[in-house]
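Visitor:
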Amino acid sequence: MIVTALVVLPSPVKHAITPEPQLEDLTNLSENITRLTTNPGPDKNPVWSADGKKIFFVSMPDIGLGRYGPECYICVMDADGSNLTRLANGTNPVMRSDKIFFKNKAYAPIDVWVMNTDGSDKKKLISLNVTPLDSNPTISPDGEKICYFTPHSTGYYWLKWKNETWTRFDHEPRVNRRNIDILARETHANIFVMDANGGDKTKIASDIDLTCSGYSDLIWSPNGKKILFQTSTPSGNNPTTNFDIMIMDADGGNQKRLTDYPEYDTSPKWSSDGKNIAYMSGNLSNFDIWTMNPDGGDKKQLTTGALVTDFDWSLDGSKIAYNSWLTNDPKAKEIRIMDADGSNKELLLSVPCNPSRVGMGLAWSPDGSKIAFDYYMIDVVNSAIYVIDVPAMAADEGGEIKRPTETSPRTSEVYQTPDNLTEESLAIKIPDQLTEEEKLIVQIALKNRTVQEMLRGKEIKISSVNMVSGGETDEYGKESSYDLPGVQIYIGNKDWTSIIEIIPLVDLKERKVVRILKNTFIKPTLPVALTENEKSDALKIALDDPQVKEKIVGRDYEIITVMDFENWVTGKRVGPTQVLIYMNETGIAYSVTVNLTENKVIKVGEQIWLEEQKRK
């Protein structure tokens, strides 16, 4: 009865999560990082709500002396960390529409439950007499099906000797462990699919070889028609550490091997449109990110020597965030983002991390402006949930919104909108430079009730009217495109260091807004030219700095550029000045940040450049 009460009855999370932080805070490493939880026990596995306003996560209460108990709680908080609430005993929350599916515990028998996002209406769906690690039950995108595997031992053991030969035993052998590489129980598995209510259980795959793993990812495609899984690739009559990614129909038909790397291919994840699969490939000392088509074709390596431990697609499929070790510091870890083709890699965060307790759980917010992650600190059996802001992302809904190369001449002044915003109250602020047709488009946009709600009480700036082209594919694979006039409207924070750009697209024939695109810019800046005196001063400050001298004196280098930045919405200089120094012998580029007002160097960063980057 007590266990049932814990599963069914929610209680405030403040009873389990104390306000006193127990971990070293990461927020001093970057102004773009926010810490959300301070529970003395581990908080992990952040999951965003569909509207981006909430974050669900798993919390494990601390029981003292650096230990935490076996119970796990599913909690929820606002995206800023406020209003924390415990919803249920459980782990592995998964969002499906307006429901949360979760597992009630980490040991057998496992129950799969579903509840509303506020923790109400909890229902047990099925019970499986296996552990989550042994079964990995996963929910279909529509929440109607559950896929899981059941491993079973054949009774045999495989032993790999130091000389690379294998021996099969019908019992667990007693040997000197110094003479062997691997001792593995021979394990096979069957894969099942069943209705979420427990009915219509069907075996869809048999005798999947998991001898050297014991585990397989089970990943539904976004449309629920395909399932990815992993299996080992036999080498003659011997087991192997070569694990490949397989695909099959949701009913088990058309099984096909997608990868053939001689070691590990693992952790496949679909892009949201189902057109690409990203995965990790490598060995136990290094994993890189690759992508491929669902048929296994067009494989592309996106990272090289990155030592990746986790990654996540952005919702629009345009970018990938990933964790990686720093090869020159075994206790340091980075979070980076890159375009889906591997280009434009950008460092978001570099922090110390205990290699035995690596923070995982990267999760993009639905609008792509933030990434949530759980982070374990050095030598502390603990973790907390953080979010980090992401630089400007591509537009929502397929619109091709591009950052302007200069401040548009067709733009209004920045002004505060009234709380009782109406189209009439904004009409006088429409830029005079617009043509009559463009003014009409702006007026139609400002009459839209959704647009008015987005702008009410905000500092805004109406920019230009441009043709916007884009396209999208619906859930049935039907493609559509548009080519419509859109009004660029900027919504800024107090100092305009962060802006939201909305573009209402207008159908002139129907005289109405047909869709609204949205784009977030965390640092809306562009490089601008400096005067010759400013360049000279910045260069002297940089080259006289002891840190810089230590790196460049007596070596072959060249100054690539000296530049400042301005806010491309307000047209105001924001600084600080950057001096870029390229080392010809090593290919390292030093970015020296200079404060011209205080005549000092603020920061010295470095990165490896390819020759073509230097030429650019």
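So in the UniProt record's numbering, spot 589 of the sequence shown is number 589, and the numbers just go up one at a time. Note that CB positions come from ideal geometry on N, CA and C, so glycine has one too. Model, not experiment: these values are computed from the prediction.
Can you check which of these residues, V308, G305, L228 and M248, is closest to S271 by C-alpha distance?
Guide: For the purposes of this step, residue 271 is taken as residue 271 along the sequence shown, with counting starting at 1. The option with the nearest alpha carbon to S271 is L228.
Visitor: Per DSSP, what are the beta-bridge partners of M95 in this structure?
Guide: Position 95 of the sequence shown, counted from the first residue, corresponds to residue 95. Answer is I100.
Visitor: List the DSSP bridge partners of P222.
Guide: As a position in the sequence shown, residue 222 is number 222, starting the count at 1. Answer is none; P222 lacks a bridge partner.
Visitor: Taking Cβ to Cβ, would you say G52 is nearer than 8 angstroms to R96?
Guide: If you number the sequence shown from 1, residue 52 lands on position 52. If you number the sequence shown from 1, residue 96 lands on position 96. It is not a contact, given that the beta carbons lie outside the stated cut-off.
Visitor: Which value, in whole angstroms, describes the spacing of the CA atoms of N45 and L347?
Guide: Taking the sequence shown and counting its residues from 1, one reaches residue 45 at position 45. Taking the sequence shown and counting its residues from 1, one reaches residue 347 at position 347. Straight-line Cα distance between these residues: approximately 22 angstroms.
Visitor: Work out the CA separation of T291 and F311 for me, nearest whole Å.
Guide: Position 311 of the sequence shown holds residue 311. Position 291 of the sequence shown holds residue 291. Whole-angstrom Cα-Cα distance: 12 angstroms.
Visitor: What is the rounded straight-line gap between the Cα of G296 and the Cα of P268?
Guide: As a working mapping, residue 296 is identified with position 296 in the sequence shown. As a working mapping, residue 268 is identified with position 268 in the sequence shown. Straight-line Cα distance between these residues: approximately 12 angstroms.
Visitor: Is it true that the CB of E606 sits closer than 8 angstroms to the CB of N584?
Guide: Sequence index remark: in the sequence shown, residue 584 carries index 584 (1-based). Sequence index remark: in the sequence shown, residue 606 carries index 606 (1-based). In this structure, E606 does not lie closer than 8 angstroms to N584 by Cβ.
Visitor: Would you mind working out which of V390, G342 and D341 sits nearest L362, comparing C-alpha positions?
Guide: Along the sequence shown, read from residue 1 onward, the residue named residue 362 stands at position 362. Of V390, G342 and D341, the residue nearest in Cα terms is V390.
Visitor: Give a yes or no on whether the C-beta atoms belonging to Y264 and S281 are separated by under 8 angstroms.
Guide: One-based indexing of the sequence shown puts residue 264 at position 264. One-based indexing of the sequence shown puts residue 281 at position 281. Result yes, Cβ atoms of Y264 and S281 sit closer than 8 angstroms.
Visitor: From S498, C147 and L530, pick the residue whose C-alpha is nearest to that of N32; which is it?
Guide: Here residue 32 corresponds to residue number 32 of the sequence shown, with the count starting at 1. Taking only the C-alpha atoms, the option nearest N32 is S498.
Visitor: Quick check: L517 and G486, are their CB atoms within less than 8 angstroms of each other?
Guide: Here the question's residue 517 lines up with position 517 in the sequence shown. Here the question's residue 486 lines up with position 486 in the sequence shown. Yes, Cβ-Cβ distance for L517 and G486 is below 8 angstroms.
Visitor: My assumption, with CB atoms under 8 angstroms, is that residue 620 sits in contact with V112. Please give the rounded CB distance.
Guide: Nothing about residue 620 can be read from this structure; the chain reaches only from 1 to 616.
Visitor: Return the CA-CA distance between Q230 and M77, expressed in angstroms with no decimal places.
Guide: Taking the first residue of the sequence shown as position 1, residue 230 is located at position 230. Taking the first residue of the sequence shown as position 1, residue 77 is located at position 77. Whole-angstrom Cα-Cα distance: 34 angstroms.
Visitor: Suppose you measure from the CA of Y279 to the CA of F169; what does that come to, to the nearest Å?
Guide: Residue mapping note: residue 279 aligns to position 279 of the sequence shown, counting from 1. Residue mapping note: residue 169 aligns to position 169 of the sequence shown, counting from 1. When rounded, the distance between both Cα atoms is 34 angstroms.
Visitor: Would you kindly work out how many angstroms separate the C-alpha atoms of L349 and N382, rounded to a whole number?
Guide: In the sequence shown, counting from the first residue as 1, residue 349 sits at position 349. In the sequence shown, counting from the first residue as 1, residue 382 sits at position 382. Going from the Cα of L349 to the Cα of N382 covers about 20 angstroms.
Visitor: Compute the beta-carbon to beta-carbon distance between L596 and D537, rounded to the nearest angstrom, for a pair I have assumed lies under 8 angstroms.
Guide: Here residue 596 corresponds to residue number 596 of the sequence shown, with the count starting at 1. Here residue 537 corresponds to residue number 537 of the sequence shown, with the count starting at 1. Their Cβ separation, rounded to whole angstroms, is 6 angstroms, which keeps L596 and D537 in contact under 8 angstroms.
Visitor: Determine the DSSP secondary structure at V451, reduced to helix, strand or coil.
Guide: Indexing the sequence shown from 1 puts residue 451 at position 451. Reduced to three states, the DSSP call for V451 is helix.
Visitor: By how many angstroms is the C-alpha of S324 removed from the C-alpha of V579?
Guide: Locating residue 579 in the sequence shown gives position 579, counting from the first residue. Locating residue 324 in the sequence shown gives position 324, counting from the first residue. Straight-line Cα distance between these residues: approximately 27 angstroms.
Visitor: In whole angstroms, what is the alpha-carbon distance linking G119 and Y73?
Guide: Within the sequence shown, residue 119 is the residue found at index 119, counting from 1. Within the sequence shown, residue 73 is the residue found at index 73, counting from 1. About 12 angstroms.
Visitor: Under 8 angstroms Cβ to Cβ from R511, same chain only, skipping five residues before and after it: list those, please.
Guide: Against the sequence shown, residue 511 aligns to sequence position 511. The answer, listed in chain order, is I444.
Visitor: Would you mind reading off the limits of the beta strand (DSSP E) that contains D43?
Guide: Here residue 43 corresponds to residue number 43 of the sequence shown, with the count starting at 1. From DSSP, the beta strand (DSSP E) with D43 extends over D43 to W48.
Visitor: Taking the straight line between their C-alpha atoms, what separation do you get for K124 and T117?
Guide: Counting from one through the sequence shown, the residue named residue 124 turns up at place 124. Counting from one through the sequence shown, the residue named residue 117 turns up at place 117. Using only the alpha carbons, I get a separation of about 15 angstroms.
Visitor: Please go through the same chain and pick out, in chain order, the residues whose beta-carbon is closer than 7 angstroms to the beta-carbon of K572, but skip the five residues on each side of it.
Guide: Here residue 572 corresponds to residue number 572 of the sequence shown, with the count starting at 1. Result list for K572: E566, in chain order.
Visitor: Which full runs of the alpha helix (DSSP H) of 4+ residues lie inside the region 270-314, going along the chain?
Guide: You should have found no qualifying run.
Visitor: Please give me, in chain order, every unbroken run of the alpha helix (DSSP H) with length at least 4 that falls completely inside the region 511-564.
Guide: Listed in chain order, they are 532-544 and 546-552.
Visitor: Can you check DSSP and say which residues form a bridge with C147?
Guide: For this step, residue 147 is matched to residue 147 along the sequence shown. DSSP, once it has assigned bridges, lists T138 and V193 as partnering C147.
Visitor: Quick one: grab the DSSP three-state call for K603.
Guide: Position 603 of the sequence shown, counted from the first residue, corresponds to residue 603. It is a strand residue.
Visitor: Looking at C-alpha atoms only, which residue of N223, K145, D251 and K535 is the closest neighbour of T561?
Guide: Working through the sequence shown from its first residue, we reach residue 561 at position 561. Ranking the options by Cα distance to T561, first place goes to K535.
Visitor: Measure the C-alpha to C-alpha separation of K345 and D251 and round it to an integer number of angstroms.
Guide: Translated into the one-based positions of the sequence shown, residue 345 becomes position 345. Translated into the one-based positions of the sequence shown, residue 251 becomes position 251. Using only the alpha carbons, I get a separation of about 39 angstroms.
Visitor: Can you tell me which residues form a DSSP beta bridge with L580?
Guide: Residue mapping note: residue 580 aligns to position 580 of the sequence shown, counting from 1. Its beta-bridge partners are T561 and S591.
Visitor: For R336, count neighbouring Cβ atoms within 10 angstroms of its own Cβ and tell me buried if that reaches 16, exposed if not.
Guide: Position 336 of the sequence shown, counted from the first residue, corresponds to residue 336. Buried.
Visitor: Using 8 angstroms for Cβ pairs, my map puts N448 next to P527. What's the rounded Cβ distance?
Guide: In the sequence shown, counting from the first residue as 1, residue 448 sits at position 448. In the sequence shown, counting from the first residue as 1, residue 527 sits at position 527. Incorrect: roughly 35 angstroms between the Cβ atoms, too far for contact.
Visitor: Taking 6 angstroms as the limit between beta carbons, can you name the residues of its chain near V193, skipping five residues before and five after?
Guide: Locating residue 193 in the sequence shown gives position 193, counting from the first residue. Same-chain partners within the cutoff: K145, C147, T202 and I204.
Visitor: Give the C-beta separation of S318 and D339 to the nearest angstrom, bearing in mind that I take them to be a contact with Cβ-Cβ under 8 angstroms.
Guide: If you number the sequence shown from 1, residue 318 lands on position 318. If you number the sequence shown from 1, residue 339 lands on position 339. Going by Cβ atoms, the distance from S318 to D339 rounds to 7 angstroms, so yes, they are a contact pair.
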